[in-house]
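Taking it in order: structure first as structure tokens, then the write-up.
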Amino acid sequence: AGYLAGLAERIIAAMREPVRYEGHECRFGVSVGIATEPQRGCDPRRLLVNADIALYRAKSRGRNRYQFFNDALQAEIVNTKRVADEILSGLEQGQFVAYYQPQFDAETLEVTGVEALARWNHPTEGVLGPDAFLKVAEELNVVSSIDRMILEQAIADFRNWSEQGVPIPKVSVNVSARRLSDEELIGGLGRLDFKPGSLSFELVESIFLDDNDEHIGWNVEQIKELGIDIEIDDFGTGYASIVSLIKLKPRRLKIDRQLVMPITASPAQRHLVESIIEIGKSLGIEVIAEGVETMEHARVLRQLGCRGLQGYAFARPMTSAALTAFVAARRWRKAS
4 AGYLAGLAER
14 IIAAMREPVR
24 YEGHECRFGV
34 SVGIATEPQR
44 GCDPRRLLVN
54 ADIALYRAKS
64 RGRNRYQFFN
74 DALQAEIVNT
84 KRVADEILSG
94 LEQGQFVAYY
104 QPQFDAETLE
114 VTGVEALARW
124 NHPTEGVLGP
134 DAFLKVAEEL
144 NVVSSIDRMI
154 LEQAIADFRN
164 WSEQGVPIPK
174 VSVNVSARRL
184 SDEELIGGLG
194 RLDFKPGSLS
204 FELVESIFLD
214 DNDEHIGWNV
224 EQIKELGIDI
234 EIDDFGTGYA
244 SIVSLIKLKP
254 RRLKIDRQLV
264 MPITASPAQR
274 HLVESIIEIG
284 KSLGIEVIAE
294 GVETMEHARV
304 LRQLGCRGLQ
314 GYAFARPMTS
324 AALTAFVAAR
334 RWRKAS
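The numbering of the sequence shown is the numbering used here, which starts it at 4 and goes up by one.
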């Protein structure tokens, strides 16, 4: 193993040296997968498969790396294959469902809307969050399918709330970059039955990192034309600029929880969050703080002028039925 590791390192080092070609300097990278079979009589095809698996892992860790195939890697591959099969089965059986986390007005504590969050109602492991399926779903290229299921359920649930007189003004749905760049997105949205102004799409900042993606920009404008609001999710993580906010003109921006969590202990962090709130106000954009875990977080955010709050301090994500009961209980307590 030591010899093979040294050989892989020498290959990687050699490949990193620049090569001159027709007056240009070319640079290359290489990833290496290594599989060994100490016992005689091994299957060469199996050895190549194992080396390919190790190569895939080396690539996933970044460029210019090597990886040995081992039992732990094999177990991980087997588990990933199992999860992939279960995700595909779950899509067919409608196991992906929407849970809703309420958002609140910082002054009145009235529910101002809800965010629809994807959950996997797994038949044996219970309700699972995105950490359990999102990475594999991305590899399977089925995130758009999950997005679509959650969107359709959110629209149906919002219609039910309206018919029952449940005072929820809007529902926001997360939309992936792949879904946003889908050429069939606008046509599909046009066939959905929703009330203009009742639906928001949450888009992460990184979607707008490429200013040259005109198709995404066109889709965003068409989405707004359909009466769907645009929200920038996880704002403050470093991608979106003030210029892009002016160009995009979102209805809302949501301050990333990583910025919100330290505000009770860090003056510098408070100043940063306050600056984002002021930017939102100056551009006429509503601001919602995510990750409000304690009432102290809520108090500080209120002092900083943030009107929208979302987090475990007020409510965890819940089913549509639980949300209906939650809102009804708050109305009853307020009336009594």
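Virtual Cβ for every residue (Gly too), placed ideally from N, Cα, C.
For clarity, every value in this text was computed on a predicted model and none was experimentally measured.
Whole-angstrom distance between residue j and residue i, CA atom to CA atom
i, j, result
"Val263", "Gln104", "17 Å"
"Leu10", "Ala16", "10 Å"
"Gly116", "Phe107", "7 Å"
"Gln77", "Lys84", "11 Å"
"Arg19", "His27", "15 Å"
"Tyr99", "Glu141", "At residue 99 the sequence reads Phe, which differs from the Tyr that was named. Roughly 15 Å between the two C-alpha positions."
"Leu120", "Ser148", "14 Å"
"Ile14", "Asp46", "26 Å"
"Ala54", "Gly132", "32 Å"
"Ala4", "Asp74", "15 Å"
"Gln272", "Pro265", "6 Å"
"Trp164", "Asp196", "15 Å"
"Arg310", "Gly32", "49 Å"
"Arg305", "Ile219", "35 Å"
"Glu296", "Tyr315", "5 Å"
"Arg23", "Glu186", "41 Å"
"Gln261", "Asp134", "17 Å"
"Ala8", "Thr39", "12 Å"
"Glu343", "His274", "Residue 343 lies beyond the residue range present for the chain, which begins at 4 and ends at 339; the question has no answer from this structure."
"Glu277", "Gly287", "15 Å"
For residue i, the first and last residue of its enclosing alpha helix (DSSP H)
i, result
"Asn163", "146-167"
"Thr83", "74-95"
"His23", "The displayed chain sequence assigns Arg, not His, to residue 23. First-last for Arg23: 22-24, but that is the beta strand (DSSP E), not the alpha helix (DSSP H)."
Contacts around residue i, its chain only, beta-carbon distance under 8 Å, and the 5 residues preceding and following it disregarded
i, result
"Ile80", "Ile56"
"Leu58", "Ser34, Val35, Gly36, Gln70"
"Phe329", "Pro105, Ala318, Met321"
"Ala332", "none"
"Lys284", "Val290, Gly308"
"Ser203", "Gly116, Lys173, Val174, Ser175, Val176, Ile231, Asp232, Ile233, Glu234, Arg254, Arg255"
"Arg334", "Pro170"
"Gly193", "Leu229"
"Leu51", "Ala38"
Sequence-distant residues of its chain with Cβ nearer than 7 Å to residue i (five each side left out)
i, result
"Thr2", "Limits of the chain in this structure are 4 at one end and 339 at the other, which puts residue 2 out of reach."
"Asn215", "The predicted position of Asn215 is uncertain, since its pLDDT is 46 and thus under 50; no value can be drawn from it."
"Pro172", "Thr115, Gly116"
"Asp259", "Asp237, Phe238, Gly239, Thr240, Glu293"
"Asn124", "Gln98, Val100, Val130"
"Arg68", "Ser34, Ala61"
Close beta carbons around residue i, own chain, < 6 Å, minus the five adjacent residues each side
i, result
"Leu326", "Tyr103"
"Glu205", "Ser175, Asn177, Glu234, Asp236"
Endpoints, the beta strand (DSSP E) within which residue i is located
i, result
"Val139", "Unbroken run through Val139 is the alpha helix (DSSP H), 137-143; no beta strand (DSSP E)."
"Asp108", "99-108"
"Thr115", "114-125"
For the pair the segment 287-303 and the segment 82-94, tell me if three or more CB-CB distances fall below 8 Å.
Because the criterion of three Cβ pairs below 8 Å is not met, the segment 287-303 and the segment 82-94 do not touch.
Would you call the segment 253-260 and the segment 225-235 touching, i.e. three or more CB-CB distances under 8 Å?
yes
Are the segment 171-181 and the segment 151-158 in contact at 8 Å, needing three or more beta carbon pairs?
Using a Cβ-Cβ distance cut-off of 8 Å, the segment 171-181 and the segment 151-158 are in contact, since at least three pairs of beta carbons, one from each stretch, lie closer than that value.
Runs of 3 residues minimum, wholly inside the segment 197-277: which ones carry the beta strand (DSSP E) assignment?
202-207, 232-238, 255-258
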